[in-house]
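Note that our numbering has the sequence shown beginning at 49, numbered continuously upward.
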Amino acid sequence: QHLDMNGWSLDIKVLNQTTMKLADQLDMYSTTDMLISAHGAVLTNAMFLRDGAALIEVFNCRHGSGTYRVIVESRHLFYIAARESGAREYLTAKIDCQASDNPGIDGDVKYS
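Structure representation (structure tokens):
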């Protein structure tokens, strides 16, 4: 999908990396300007992001890990973690999270 807005031109691709060959994944990472992905092992490939790229890592509620942040920042790339508020200090972005959106968390408590 292509989007032109306020002088920005974006090509947006939604990919399921679990069905991609490794060579195709590495090609995708090496040509990506900004990667937005859920936290998970597939982000190990973030070490192959092109110079100047950014990673936005989306966490499940109440989960935190700095693993992929370390990988990305060791390459001097940009990193943002999106998770519920009240996160550890190194997680720089926040999202609201409803308990009812998460299996295993009871009630309708909004974490913020």
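We treat Cβ as the ideally placed atom computed from N, Cα and C, and that holds for glycine.
CB-CB length for residue 94 against residue 116, believed under 8 Å
6 Å
Mapping DSSP to helix, strand and coil, what is residue 119?
helix
Could you tell me the distance, in whole angstroms, from the CA atom of residue 139 to the CA atom of residue 69?
With a pLDDT of 43 at residue 139, under the threshold of 50, the modelled position of this residue cannot be trusted; read the value that follows with caution. Cα to Cα, residue 139 sits roughly 31 Å from residue 69.
Near residue 79, what residues of its chain come up, given a Cβ to Cβ distance below 8 Å and the 5 sequence neighbours on each side ignored?
98
Could you check whether the Cβ of residue 117 sits closer than 8 Å to any Cβ belonging to chain B?
Looking at the structure shown, chain B is missing, and only one protein chain is on hand.
Compare the Cα-Cα distances from residue 59 to each of 66, 67 and 82 and report the closest residue.
82
In this structure, how does DSSP classify residue 76 when only helix, strand and coil are distinguished?
helix
Reduced DSSP secondary structure (H/G/I, E/B, other) of residue 103
strand
Three-state secondary structure (DSSP) at residue 166?
Given a span of 49 to 160 for the chain in the structure shown, any question on residue 166 remains unanswerable.
Assuming residue 107 and residue 131 are in contact, meaning their beta carbons sit under 8 Å apart, how far apart are those beta carbons, in whole angstroms?
4 Å
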